[in-house]
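**Q** From first to last, the protein sequence lines are chains A and B.
Residues in the first sequence are numbered from 1 upward in steps of one, following UniProt numbering.
Residues in the second sequence are numbered from 1 upward in steps of one, following UniProt numbering.
Structure provided below as structure tokens; questions to follow.
Number of protein chains: 2
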Amino acid sequence: MSKFEEKTLSTQPVLNGRVIQVRVDEVLLPNGAVSKRELVKHPGAVAVIAVTEEGKLILVEQYRKAMEKLLVEIPAGKLEPGEAPEATAVRELEEETGYGCDEMKLIASFYTSPGFADELVYLYEAVGLRKLEQKADLDEDEFVELLEVTLEEAQELVQAQRIHDAKTLLAIQHLQLKNR
Amino acid sequence: MSKFEEKTLSTQPVLNGRVIQVRVDEVLLPNGAVSKRELVKHPGAVAVIAVTEEGKLILVEQYRKAMEKLLVEIPAGKLEPGEAPEATAVRELEEETGYGCDEMKLIASFYTSPGFADELVYLYEAVGLRKLEQKADLDEDEFVELLEVTLEEAQELVQAQRIHDAKTLLAIQHLQLKNR
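See below:
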């Protein structure tokens with residue numbers, strides 16, 4: 001048994017959704033007390049750092065219902081069942097931006113909200129970026145607008161809070177570290 | 001109306017939890033189609049970059065039920081109702097680490113999982129860190145172990161995937177950029 005492990009006493013499923021599953025577990029704490037954990041299961045996702053030959057970072061602006069606002073983010077998307085993260089990264093880059101690449105290089109992986117969710121994001125860097133002759137189709141419920149910005153412009157978008165999510169900040173810091 | 005806005009047609013609440021609220025919204029998409037969005041509302045959180053006089057980064061190891069494993073993270077915690085993020089940062093640092101500070105400097109804020117959750121994390125850097133004479137009490141359902149590591153050791157923890165969450169990677173990148 002792992003240090004501080006919380007043994008599950010009972011599980012109450014509350015949502016079996018298209019994207020997430022939500023449940024409430026009753027757990028036995030290390031001190032013998034009983035508590036509840038509200039947990040979100042997520043299939044995992046990928047995000048892609050894609051920089052053009054001209055040194056521009058490719059971003060997508062989309063409406064995010066959870067915040068009821070537009071956010072500018074690096075291209076990203078959920079894993080489909082059985083899909084390897086690298087294949088998801090290639091697919092999402094093609095669908096959202098119309099760019100392909102020679103190679104997807106894994107930069108990092110990270111849990112986004114370990115306090116309540118198991119979502120794991122694989123962050124890739126697209127190597128050998130090239131424009132596709134034909135743009136792949138977006139999912140039918142996705143609407144995004146493409147932006148190509150310098151690193152300086154990306155930092156201005158952070159200041160303006162139009163870029164305001166963890167994976168895109170990680171991507172920008174990665175490029176800052178790489179460029180030094 | 002904002003570009004790409006998704007108008008809510010109906011809302012189905014599925015969980016009114018202690019930490020999160022979950023609901024499923026039926027939305028009208030920009031193309032006139034109808035879709036569903038599974039949404040998690042979260043009170044928001046803070047995370048604290050705390051470096052000792054000896055240049056060691058303060059980390060906490062804790063069991064994370066969503067992943068069923070131990071993770072090493074920077075000190076963090078949820079906002080209490082009506083609590084200013086800066087006060088939460090001071091409180092969480094004291095409770096989890098036994099350190100106080102002269103000033104909490106806001107480094108960044110970010111949504112952790114904009115695809116399904118509205119959790120916003122405020123990332124602070126503790127300035128003028130000092131050990132408290134008496135350690136504040138942890139929440140009754142919190143069990144953490146303190147680590148103090150060099151930046152190099154932190155990067156080894158990333159390689160070993162014992163550090164494996166977005167906010168802690170952002171903190172490490174921030175320190176790498178600052179130290180150059």
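We treat Cβ as the ideally placed atom computed from N, Cα and C, and that holds for glycine.
#1: Applying the criterion that 16 or more other CB atoms from any shown protein chain within 10 Å of the CB defines a buried residue, is D137 (chain B) buried or exposed?
#2: Sort out for me which residues DSSP pairs G110 (chain B) with in a bridge.
#3: Any beta-carbon of chain A closer than 7 Å to the one on L93 (chain B)?
#4: Note down, in chain order, all residues in the region 24 to 39 of chain A with a beta-carbon under 9 Å from any beta-carbon belonging to chain B.
#5: Note down, in chain order, all residues in the region 42 to 74 of chain B with a beta-carbon under 9 Å from any beta-carbon belonging to chain A.
#6: With 9 Å as the C-beta to C-beta threshold (strictly closer), list the residues of the region 89 to 121 of chain B near chain A in chain order.
#7: When DSSP labels each residue in this structure, what does A50 (chain B) get in the three-state scheme?
#8: So the candidates are B:G98, B:V60, B:V40, B:N179; which of them puts its Cα closest to the Cα of Q134 (chain B)?
#9: Do T112 (chain B) and T112 (chain A) come within 7 Å of each other at the CB atom, strictly closer than that value?
#10: Distance check for F143 (chain B) and A33 (chain A), CA to CA, integer angstroms please.
#11: Let's test the definition: count the other Cβ atoms within 10 Å of the Cβ of V127 (chain B) and tell me whether it reaches 16, buried, or not, exposed.
#12: For the 8 Å Cβ check, are there 3 or more pairs between the region 105 to 125 of chain A and the region 37 to 51 of chain A?
#13: The beta strand (DSSP E) that contains Q12 (chain A), what's its start and end?
#14: Do we get a CB-CB distance below 7 Å when we pair V19 (chain B) with the residues of chain A?
#15: Provide the residue span of the beta strand (DSSP E) that contains L175 (chain A), from first to last.
#16: Indicate the three-state DSSP secondary structure (helix, strand or coil) for E92 (chain B) in the structure shown.
#17: Excluding the 5 residues preceding and the 5 following L70 (chain A) in the sequence, name in chain order all residues of the same chain whose CB lies nearer than 8 Å to its CB.
#18: Which residues of chain B have a Cβ atom closer than 8 Å to the Cβ of E6 (chain A), listed in chain order?
#19: Applying the criterion that 16 or more other CB atoms from any shown protein chain within 10 Å of the CB defines a buried residue, is A160 (chain A) buried or exposed?
#20: Applying the 10 Å Cβ sphere with the 16-neighbour rule, what's the burial state of K167 (chain B)?
#21: Answer yes or no: do K78 (chain B) and A45 (chain B) have a C-beta to C-beta separation smaller than 7 Å?
#22: Got a sec: is the Cβ-Cβ distance from Q155 (chain B) to anything in chain A below 7 Å?
#23: Are the C-beta atoms of D165 (chain A) and some chain B residue less than 7 Å apart?
#24: If I'm right that N179 (chain B) touches L147 (chain B) with Cβ under 8 Å, what's the distance once you round it to whole angstroms?
#25: Any beta-carbon of chain B closer than 7 Å to the one on L177 (chain A)?
#26: Note down, in chain order, every chain A residue with its Cβ under 8 Å from the Cβ of D141 (chain B).
#27: With which residues is M104 (chain B) paired in a DSSP beta bridge?
#28: Would you verify that the beta carbon of Q173 (chain B) is, or is not, closer than 7 Å to some beta carbon of chain A?
#29: Which residue's Cα is closest to the Cα of I20 (chain B): A:E80, A:L132, A:M67, A:V40?
#30: Can you tell me the Cβ-Cβ gap for V24 (chain A) and E38 (chain A), rounded? I've got them flagged as a contact below 8 Å.
#31: Just checking: is the beta-carbon of S10 (chain A) within a distance shorter than 7 Å of some beta-carbon in chain B?
#32: Would R180 (chain A) pass as an interface residue toward chain B - the criterion being a Cβ-Cβ separation below 7 Å?
#33: What does V14 (chain A) touch in chain B if you count any residue whose Cβ is under 8 Å from its own?
#34: Strictly under 7 Å for the Cβ-Cβ distance: is L151 (chain B) near chain A by that measure?
#35: List, in order along the chain, the chain A residues whose C-beta lies closer than 8 Å to that of L170 (chain B)?
**A** This is what the structure gives:
#1: Locating residue 137 (chain B) in the second sequence gives position 137, where the first residue counts as 1. Flag for D137 (chain B) reads exposed.
#2: The residue you call residue 110 (chain B) lines up with position 110 of the second sequence. According to the sequence shown, residue 110 (chain B) is Phe rather than Gly. B:V121.
#3: Here residue 93 (chain B) refers to the residue found at position 93 when the second sequence is read from its first residue. No, its Cβ sits nowhere closer than 7 Å to a Cβ of chain A.
#4: V24, D25, V27, L29, P30, N31, A33, S35, K36, R37, E38, L39
#5: H42, A45, E61, Q62, Y63, R64, K65, A66, M67, E68, K69, L70, L71, E73
#6: A108, S109, F110, Y111, T112, S113, P114, G115, F116, A117, D118, E119, L120, V121
#7: Reading the second sequence from its first residue, position 50 is the one you call residue 50 (chain B). If DSSP states are grouped into helix, strand and coil, A50 (chain B) belongs with coil.
#8: Position 134 of the second sequence, counted from the start, is the residue given in the question as residue 134 (chain B). Q134 (chain B) has its Cα closest to that of B:G98, out of B:G98, B:V60, B:V40, B:N179.
#9: Counted from its first residue, the first sequence places residue 112 (chain A) at position 112. Counted from its first residue, the second sequence places residue 112 (chain B) at position 112. Cβ atoms of T112 (chain A) and T112 (chain B): closer than 7 Å.
#10: Within the first sequence, numbered from 1, the residue matching residue 33 (chain A) stands at position 33. Within the second sequence, numbered from 1, the residue matching residue 143 (chain B) stands at position 143. Near 12 Å, if we compare the C-alpha coordinates of F143 (chain B) and A33 (chain A).
#11: Reading the second sequence from its first residue, position 127 is the one you call residue 127 (chain B). With fewer than 16 other Cβ atoms within 10 Å, it is exposed.
#12: yes
#13: For the purposes of this step, residue 12 (chain A) is taken as residue 12 along the first sequence, with counting starting at 1. 7 to 16 is the span of the beta strand (DSSP E), which, as asked, contains Q12 (chain A).
#14: Sequence index remark: in the second sequence, residue 19 (chain B) carries index 19 (1-based). So yes, V19 (chain B) belongs to the interface.
#15: Here residue 175 (chain A) corresponds to residue number 175 of the first sequence, with the count starting at 1. Taken as a continuous stretch (DSSP letters only), L175 (chain A) belongs to no beta strand (DSSP E), being part of the alpha helix (DSSP H) at 166 to 179.
#16: Along the second sequence, one-based indexing puts residue 92 (chain B) at 92. Of the three classes helix, strand and coil, the one that applies to E92 (chain B) here is helix, per DSSP.
#17: For the purposes of this step, residue 70 (chain A) is taken as the residue at position 70 of the first sequence. So the qualifying residues of the chain are E61, Q62, Y63, R64, R162.
#18: Position 6 of the first sequence, counted from the start, is the residue given in the question as residue 6 (chain A). Result: Y63, K65.
#19: By one-based count along the first sequence, residue 160 (chain A) stands at place 160. Looking at its Cβ environment, which holds fewer than 16 other Cβ atoms inside 10 Å, A160 (chain A) is exposed.
#20: If you number the second sequence from 1, residue 167 (chain B) lands on position 167. Looking at its Cβ environment, which holds 16 or more other Cβ atoms inside 10 Å, K167 (chain B) is buried.
#21: What you label residue 78 (chain B) is simply residue 78 of the second sequence in a count that begins at 1. What you label residue 45 (chain B) is simply residue 45 of the second sequence in a count that begins at 1. It is a contact, given that the beta carbons lie within the stated cut-off.
#22: As a working note, residue 155 (chain B) is residue 155 in the second sequence. So no, Q155 (chain B) is outside the interface.
#23: Along the first sequence, read from residue 1 onward, the residue named residue 165 (chain A) stands at position 165. Chain B contact via Cβ: present.
#24: The residue you call residue 179 (chain B) lines up with position 179 of the second sequence. The residue you call residue 147 (chain B) lines up with position 147 of the second sequence. Not a contact, Cβ separation roughly 19 Å.
#25: Here residue 177 (chain A) refers to the residue found at position 177 of the first sequence. Chain B contact via Cβ: present.
#26: The residue you call residue 141 (chain B) lines up with position 141 of the second sequence. The contacting residues are L29, A33, S35.
#27: Counted from its first residue, the second sequence places residue 104 (chain B) at position 104. Answer by DSSP bridge pairing, in chain order: B:A126.
#28: Position 173 of the second sequence, counted from the first residue, corresponds to residue 173 (chain B). Interface residue, yes.
#29: What you label residue 20 (chain B) is simply residue 20 of the second sequence in a count that begins at 1. Among A:E80, A:L132, A:M67, A:V40, the Cα nearest to that of I20 (chain B) is on A:V40.
#30: For the purposes of this step, residue 24 (chain A) is taken as the residue at position 24 of the first sequence. For the purposes of this step, residue 38 (chain A) is taken as the residue at position 38 of the first sequence. V24 (chain A) to E38 (chain A), Cβ: 5 Å. Contact.
#31: Here residue 10 (chain A) is taken as the residue at index 10 of the first sequence, counted from 1. No, its Cβ sits nowhere closer than 7 Å to a Cβ of chain B.
#32: Walking along the first sequence from the start, residue 180 (chain A) turns up at place 180. For R180 (chain A), the answer is yes, since a Cβ of chain B falls inside 7 Å of its Cβ.
#33: The count along the first sequence starts at 1 and reaches residue 14 (chain A) at position 14. In chain order: V14, L15, V22.
#34: Residue mapping note: residue 151 (chain B) aligns to position 151 of the second sequence, counting from 1. Not one chain A Cβ lies under 7 Å of L151 (chain B).
#35: Your numbering for residue 170 (chain B) matches position 170 in the second sequence. Going along chain A in sequence order, the residues near L170 (chain B) (Cβ under 8 Å) are A166, L169, L170, Q173.
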